[in-house]
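The sequence shown runs 1 to 428 under UniProt numbering.
Notes follow once the structure below has been shown.
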Amino acid sequence: MKKVMLKTTLSLAVAMASTQIFASGFALNEQSISGMGTGFAGRSSSADDASTVYGNPAGMSRLNGQQITGGIAAIDASTDIKDASGRSTGTNKGDMVPFTSVPMGFYTNKLNDEWAVGFGVYAPFGLVTNYENGFQGRAFGSKSEVKVVTFQPTVSYAFNDKVSIGFGPTINRISGTLESDIGLPVPRSGDNNIQIKGDDTAWGWNAGVLVQATDTTRVGLTYHSKVNYKLDGHTEVTAGSGVPPQLLKTARYDASLKIETPESYDLSVTQDINDAWKAYAGATWTRWSRLKDITVNNEGVTPITGGALAPQIVGTITEEQNWHDTWAYAVGTSYQLNKQWVLRTGLTFDQSPTNNTDRSPRIPTGDRTIFSIGAGFSPTDDWTIDVAYSYLKEEDVTVNRSNALGQSYSSKYENSANGFGVGATYRF
Numbered sequence: 001m002k003k004v005m006l007k008t009t010l011s012l013a014v015a016m017a018s019t020q021i022f023a024s025g026f027a028l029n030e031q032s033i034s035g036m037g038t039g040f041a042g043r044s045s046s047a048d049d050a051s052t053v054y055g056n057p058a059g060m061s062r063l064n065g066q067q068i069t070g071g072i073a074a075i076d077a078s079t080d081i082k083d084a085s086g087r088s089t090g091t092n093k094g095d096m097v098p099f100t101s102v103p104m105g106f107y108t109n110k111l112n113d114e115w116a117v118g119f120g121v122y123a124p125f126g127l128v129t130n131y132e133n134g135f136q137g138r139a140f141g142s143k144s145e146v147k148v149v150t151f152q153p154t155v156s157y158a159f160n161d162k163v164s165i166g167f168g169p170t171i172n173r174i175s176g177t178l179e180s181d182i183g184l185p186v187p188r189s190g191d192n193n194i195q196i197k198g199d200d201t202a203w204g205w206n207a208g209v210l211v212q213a214t215d216t217t218r219v220g221l222t223y224h225s226k227v228n229y230k231l232d233g234h235t236e237v238t239a240g241s242g243v244p245p246q247l248l249k250t251a252r253y254d255a256s257l258k259i260e261t262p263e264s265y266d267l268s269v270t271q272d273i274n275d276a277w278k279a280y281a282g283a284t285w286t287r288w289s290r291l292k293d294i295t296v297n298n299e300g301v302t303p304i305t306g307g308a309l310a311p312q313i314v315g316t317i318t319e320e321q322n323w324h325d326t327w328a329y330a331v332g333t334s335y336q337l338n339k340q341w342v343l344r345t346g347l348t349f350d351q352s353p354t355n356n357t358d359r360s361p362r363i364p365t366g367d368r369t370i371f372s373i374g375a376g377f378s379p380t381d382d383w384t385i386d387v388a389y390s391y392l393k394e395e396d397v398t399v400n401r402s403n404a405l406g407q408s409y410s411s412k413y414e415n416s417a418n419g420f421g422v423g424a425t426y427r428f
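Right, here's the structure in full:
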């Protein structure tokens with residue numbers, strides 16, 4: 001069967017990108033509510049609870065007994081679209097990201113002075129975006145829903161009370177749906193909906209080292225590996241209301257897409273200032289330059305009688321991305337108010353991997369600044385309740401896209417978001 005590239009469906013990787021997720025590109029940071037309170041500064045050096053399974057698996061050596069940590073983060077995003085123009089007509093309401101929640105759960109068990117084991121379930125990547133019907137930029141993306149769920153069994157070993165290491169393989173399940181509504185060439189009218197669905201399961205791994213450099217200084221380094229996916233699914237093309245039925249019947253094709261989620265390194269420091277105050281600092285490097293371009297391979301595609309859609313579903317076309325590597329920097333502090341309460345705050349600066357040439361309505365993201373506050377309440381020695389709030393503000397960015405059908409879309413995006421988190425840790 002003949003294989004061709006389908007540009008109008010773009011890709012699941014593009015669909016995963018979001019301006020409102022609190023990490024660069026389409027990564028999620030929400031794997032720890034206690035870490036959210038400090039803007040994830042000190043993520044790989046803190047080891048405050050069982051969420052260290054993700055933050056730094058070596059940190060399990062610092063946790064006594066058994067611990068269960070769980071929580072949920074919610075994202076309330078806002079987007080204003082201004083100065084929109086293009087050959088297509090339509091609306092530009094923005095606010096395409098619905099109220100979204102991200103759950104997480106972790107377990108650790110310290111077996112003896114050297115060995116500890118743990119397990120985590122969390123979401124490292126994901127997004128839901130849904131523009132309004134009639135969105136002016138619908139030719140370049142109208143709806144996207146992608147979920148990545150990771151299962152991570154983990155083990156750590158402490159060489160002594162100063163140095164420990166940790167490792168965990170990851171089993172990653174990705175699934176997604178994306179849609180575009182493409183107007184037909186003049187003189188025909190109407191939109192046809194193009195939808196692609198796919199899923200895959202792939203392996204990766206996380207590793208970390210934790211060093212108690214001095215009595216008051218702890219340094220951590222965590223590596224999260226790349227993951228190679230080949231999503232298998234289907235592409236479905238459906239005629240819009242303005243298309244004469246004799247020109248098109250619903251068409252369905254087997255589809256596949258190869259994509260790599262990038263590796264990252266997280267280096268952070270936790271400094272005990274005195275019995276009450278701690279300071280945190282961290283830097284994260286992510287290799288987004290792996291995302292050069294995206295193609296979707298469809299099997300058995302042939303021109304449709306009447307030619308109405310032939311320019312859109314036949315041809316060898318690649319969607320350029322040309323993302324670049326990014327750095328994120330964070331600083332934070334915590335104050336132990338008393339035995340029951342700890343207060344937290346943090347500030348994060350996070351680069352966007354996109355560029356001004358290839359940015360699209362699916363990924364209208366820019367560099368972002370995030371301010372965070374949080375608190376932990378321990379009513380007993382066994383329980384801690386954590387809450388956190390983050391405010392994200394992005395630099396204004398522009399989108400300027402066109403395609404082979406002569407369609408175009410240009411606009412200015414102003415993005416912000418509020419994040420809320422609540423979690424609990426039980427020790428036994």
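Even glycine gets a Cβ: it sits at the ideal position worked out from N, Cα and C.
No experiment lies behind these values; they were computed from the predicted model shown.
For residue i, report the span of its beta strand (DSSP E) as first-last.
i                 : result
methionine 104    : 100-110
proline 153       : 143-158
glutamate 394     : 383-394
glutamate 349     : Residue identity check: residue 349 is phenylalanine in the sequence provided, not glutamate. Note, phenylalanine 349: beta strand (DSSP E), 341-350.
phenylalanine 377 : 368-377
glycine 90        : Careful: glycine 90 lies outside any beta strand (DSSP E) and carries neither H nor E.
leucine 231       : 227-238
valine 269        : 264-272
Does DSSP classify residue i as helix, strand or coil?
i                : result
isoleucine 33    : helix
proline 187      : Its pLDDT being 41, under 50, proline 187 is placed unreliably in this model, and the value from its coordinates should be taken loosely. If DSSP states are grouped into helix, strand and coil, proline 187 belongs with coil.
proline 124      : coil
tryptophan 323   : coil
arginine 138     : helix
aspartate 290    : What sits at residue 290 in the sequence shown is arginine, not aspartate. Note: arginine 290 maps to helix in three-state DSSP.
arginine 252     : strand
alanine 213      : coil
alanine 47       : coil
asparagine 62    : Looking at the sequence shown, residue 62 is not asparagine but arginine. In this structure, arginine 62 counts as helix in the three-state DSSP scheme.
serine 410       : strand
leucine 178      : strand
tyrosine 131     : coil
phenylalanine 40 : coil
arginine 427     : strand
proline 169      : strand
alanine 276      : coil
Between which two residues does the alpha helix (DSSP H) containing residue i stretch?
i           : result
tyrosine 54 : 52-55
Determine whether the beta carbon atoms of residue i and residue j lie at a separation below 7 Å.
i                 : j              : result
phenylalanine 167 : alanine 207    : yes
isoleucine 165    : valine 209     : yes
residue 430       : alanine 139    : This structure leaves residue 430 out entirely; the chain is present only between 1 and 428.
phenylalanine 420 : tyrosine 391   : no
glycine 141       : tyrosine 409   : no
valine 128        : glutamate 30   : no
serine 144        : leucine 178    : yes
isoleucine 33     : glycine 71     : yes
leucine 343       : valine 296     : no
alanine 255       : isoleucine 196 : yes
valine 399        : proline 364    : yes
Below 8 Å on the Cβ atoms is my guess for residue i versus residue j; work out the distance and round it to an integer in Å.
i             : j                 : result
arginine 287  : aspartate 325     : 5 Å
aspartate 386 : glycine 37        : 7 Å
glycine 374   : threonine 384     : With a Cβ gap of about 12 Å, glycine 374 and threonine 384 do not count as contacting.
tyrosine 131  : threonine 150     : Not confirmed; about 28 Å, so no contact.
alanine 27    : phenylalanine 125 : 6 Å
valine 227    : asparagine 172    : 5 Å
aspartate 76  : asparagine 418    : 5 Å
glutamine 351 : alanine 330       : Not a contact, Cβ separation roughly 12 Å.
glycine 42    : serine 268        : 5 Å
Suppose you measure from the CA of residue i to the CA of residue j; what does that come to, to the nearest Å?
i              : j                 : result
glutamine 66   : glycine 198       : 38 Å
isoleucine 194 : tyrosine 280      : 47 Å
tryptophan 341 : glycine 332       : 17 Å
tyrosine 253   : phenylalanine 349 : 43 Å
arginine 401   : alanine 388       : 38 Å
glutamate 299  : alanine 73        : 40 Å
lysine 292     : valine 53         : 31 Å
glutamate 395  : tyrosine 335      : 31 Å
glycine 118    : proline 57        : 8 Å
threonine 89   : aspartate 181     : 12 Å
aspartate 275  : aspartate 381     : 18 Å
asparagine 415 : valine 163        : 42 Å
glutamate 114  : methionine 96     : 49 Å
threonine 216  : threonine 270     : 8 Å
methionine 60  : phenylalanine 99  : 33 Å
arginine 290   : tryptophan 323    : 7 Å
threonine 170  : tryptophan 205    : 5 Å
isoleucine 21  : glycine 366       : Reliability fails at isoleucine 21, whose pLDDT of 48 lies under 50, so the model's placement of it is uncertain and no value is given.
asparagine 403 : aspartate 358     : 12 Å
asparagine 355 : glycine 55        : 29 Å
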